[in-house]
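Visitor: If you read the sequence shown in my numbering, its first letter stands for residue 712, the second for the next number, and so on.
Below: one structure in structure tokens.
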Amino acid sequence: MARSQRRPARKKTGAFLKDFRKKRQNELGRDPSHTKIGEKQLKSIRVIGGNRKLRLLNINMANLYDPKSKTYKKAKIINEIENPANRNFIRRNILTRGAVVETDAGKARITSRPGQDGVVNAVLV
712 MARSQRRPAR
722 KKTGAFLKDF
732 RKKRQNELGR
742 DPSHTKIGEK
752 QLKSIRVIGG
762 NRKLRLLNIN
772 MANLYDPKSK
782 TYKKAKIINE
792 IENPANRNFI
802 RRNILTRGAV
812 VETDAGKARI
822 TSRPGQDGVV
832 NAVLV
């Protein structure tokens, strides 16, 4: 069944809302990519306007920013420590924005959206 981003079918009171038009293709959504830790794997998808969006399926490297020295470097992602989005994402090693990961340079918080940007950017904490 397709994912929909339409308004809900019911009001807050529980009454049904009346349809004022048919379903539209631009109201369709997609399943989340659930980016995991592993060998790099990308998927390119077509979005509205004919543009492309990169979905990151697996990744084991991050672009790491060190606020003290104000430098960037590549770091290997070892494990996920904390994820405010969903506590079950930690044991499944699903990377999202705001997740804290353990890298070879220390703990880092992810600042990009891996499932939509196609890259993992992080800041040392």
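Every residue, glycine too, gets a C-beta built ideally from N, C-alpha and C.
(1) Mapping DSSP to helix, strand and coil, what is G826?
(2) For L768, which option in M712, N794, R714 and K754 has the closest C-alpha, if you only look at C-alpha atoms?
(3) According to DSSP, simplified to helix, strand and coil, what is Q736?
(4) Can you name, in chain order, every residue of its own chain whose Cβ lies under 8 Å from the Cβ of R803, other than the five neighbours on each side?
(5) In chain order, what are the residue ranges of uninterrupted beta strand (DSSP E) at least 3 long that sit wholly in the stretch 731-778?
(6) Is the Cβ-Cβ distance between D815 and K787 less than 9 Å?
(7) How is R717 classed by DSSP in three states: helix, strand or coil?
(8) Beta strand (DSSP E) containing I805: first to last residue?
Guide: The relevant details are as follows:
(1) Reading the sequence shown from its first residue, position 115 is the one you call residue 826. For G826, the three-state secondary structure derived from DSSP is helix.
(2) Taking the first residue of the sequence shown as position 1, residue 768 is located at position 57. It is K754.
(3) The residue given as residue 736 occupies position 25 in the sequence shown. If DSSP states are grouped into helix, strand and coil, Q736 belongs with the helices.
(4) As a position in the sequence shown, residue 803 is number 92, starting the count at 1. H745 and K747, listed in sequence order.
(5) Correct list: 752-757, 763-770 and 772-777.
(6) Position 104 of the sequence shown, counted from the start, is the residue given in the question as residue 815. Position 76 of the sequence shown, counted from the start, is the residue given in the question as residue 787. Yes, the Cβ-Cβ distance between D815 and K787 is below 9 Å.
(7) Along the sequence shown, one-based indexing puts residue 717 at 6. For R717, the three-state secondary structure derived from DSSP is coil.
(8) Translated into the one-based positions of the sequence shown, residue 805 becomes position 94. I805 -> no beta strand (DSSP E), and no H or E assigned at all.
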